[in-house]
Amino acid sequence: KNQVEQSPQSLIILEGKNCTLQCNYTVSPFSNLRWYKQDTGRGPVSLTIMTFSENTKSNGRYTATLDADTKQSSLHITASQLSDSASYICVVLRGTGTASKLTFGTGTRLQVTL
Amino acid sequence: GAGVSQSPRYKVAKRGQDVALRCDPISGHVSLFWYQQALGQGPEFLTYFQNEAQLDKSGLPSDRFFAERPEGSVSTLKIQRTQQEDSAVYLCASSLVGQGSQPQHFGDGTRLSIL
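Keeping their order, the protein sequence lines are chains E and S. With the working numbering, the residue at position 109 of the first sequence is 109, and numbering never jumps. Throughout, the working numbering is defined as the position within the second sequence, counted from one, plus 1000.
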């Protein structure tokens, strides 16, 4: 079954600390993997898109990694800020062209506190 | 506008009523998607348009759900004879073409509550 599983389900960290969120997927055939940030009451916002051949991609304080062999990805947040509090959703694109479909994880809810 | 706009932001309806949710995609975006997001869950795919053509409606949960995009721009998701299990946030997203390497740009959703 095509699934995307994320861990932990939720996480609380102190402002300024780093954290790493995990994503495991069984989606096939793999096309690309995306990380989205979703603030409460808002739509998801794209952070990174990674293809099979990319194993690291950064966007400011966000760094995503991808291991296509083990079907694992991580999102590392450096020097967290209060505004990083949100849900982070891992999304995998399966297939190509008009038959392609996004499979969403259930997200990791991150809370950054003082 | 600069982003995807959805209206209304909140909708409360009684069970059995029909509702219509509107999505204005980013200008020039060919592809448009509808998703349903239950509380604490990730979005679930409902349907996909390329211009005015509905290429995939495999995610629509029943024949009570209907979506259209008659002129290839604004889209409407209609739910007939609403039921309590239809309560969710309905997200619309658009992208330049398809969903290959292009990111999808999401609206802030319509929160639908069925009483």
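We treat Cβ as the ideally placed atom computed from N, Cα and C, and that holds for glycine. Because the structure is a prediction, the values reported are computed rather than measured.
ask   = Taking SER1094(S) as the reference, which of GLN1036(S), GLY1040(S), LEU1021(S), SER1075(S) has the closest Cα?
value = As a working mapping, residue 1094(S) is identified with position 94 in the second sequence. Of GLN1036(S), GLY1040(S), LEU1021(S), SER1075(S), the residue nearest in Cα terms is SER1075(S).
task = For PHE1045(S), go through chain E and note every residue whose CB falls closer than 7 Å to its CB, in chain order.
result = On the second sequence, residue 1045(S) is found 45 positions in, with the first residue counted as 1. Taking a Cβ-Cβ threshold of 7 Å, the residues of chain E close to PHE1045(S) are LYS101, LEU102, in chain order.
Among GLY1003(S), TYR1010(S), VAL1019(S), nearest to ALA1067(S) - alpha-carbon criterion = In the second sequence, the residue the question calls residue 1067(S) occupies position 67. Among GLY1003(S), TYR1010(S), VAL1019(S), the Cα nearest to that of ALA1067(S) belongs to VAL1019(S).
request  = With distances taken Cα to Cα, identify the nearest neighbour of ALA1002(S) among VAL1089(S), LEU1077(S), ILE1026(S).
outcome  = Counted from its first residue, the second sequence places residue 1002(S) at position 2. That would be ILE1026(S), whose Cα lies nearest to the Cα of ALA1002(S).
Ranges of the beta strand (DSSP E) found wholly within the segment 1032-1061 of chain S, counting only runs of at least 3 = Taking only runs of at least 3 residues, the beta strand (DSSP E) segments lying wholly in the segment 1032-1061 of chain S are 1044-1050, 1053-1056.
task = Just list the beta strand (DSSP E) runs in the segment 57-101 of chain E, keeping only unbroken ones of 3 residues or longer that don't cross its boundaries, in chain order.
result = Listed in chain order, they are 62-67, 72-77, 86-94.
task = Just mark VAL91(E) as buried or exposed, buried being the case when its beta carbon has 16 or more other beta carbons within 10 Å.
result = Numbered from 1 along the first sequence, position 91 holds the residue referred to as residue 91(E). That one is buried.
ask   = Of the choices GLN1084(S), ARG1022(S), ARG1009(S), GLN1080(S), whose alpha-carbon is the least far from that of SER1073(S)?
value = Residue 1073(S) sits at position 73 when you count from the first residue of the second sequence. The residue with the shortest Cα to Cα distance from SER1073(S) is ARG1022(S).
key: Run of the beta strand (DSSP E) containing GLU5(E), from where it starts to where it stops   = Mapped onto the first sequence, residue 5(E) falls at position 5. In the DSSP annotation of this structure, the continuous segment of the beta strand (DSSP E) that includes GLU5(E) starts and ends at 4-7.
key: Through-space distance from SER31(E) to GLY95(E), alpha-carbon basis   = Start at 1 with the first residue of the first sequence, and residue 95(E) comes out as number 95. Start at 1 with the first residue of the first sequence, and residue 31(E) comes out as number 31. Distance from the CA atom of GLY95(E) to the CA atom of SER31(E), rounded to whole angstroms, is 6 Å.
inquiry  = Measuring CB atoms only, is the segment 1101-1113 of chain S touching the segment 37-45 of chain E, in the sense that at least three cross pairs come out at less than 8 Å?
reply    = The segment 1101-1113 of chain S vs the segment 37-45 of chain E: in contact.
query = What are the boundary residues of the beta strand (DSSP E) that includes GLU1068(S)?
reply = Position 68 of the second sequence, counted from the first residue, corresponds to residue 1068(S). Unbroken beta strand (DSSP E) run through GLU1068(S): 1065-1068.
key: Members of the segment 1022-1040 of chain S that neighbour chain E once the beta carbon cut-off is set at 9 Å   = Taking 9 Å as the Cβ-Cβ cut-off against chain E, the residues of the segment 1022-1040 of chain S that qualify are PHE1033, TYR1035, GLN1037, GLY1040.
message = For SER74(E) and LEU66(E), what's the separation of their Cα atoms in angstroms?
response = Locating residue 74(E) in the first sequence gives position 74, counting from the first residue. Locating residue 66(E) in the first sequence gives position 66, counting from the first residue. Distance between the alpha carbons of SER74(E) and LEU66(E) is about 7 Å.
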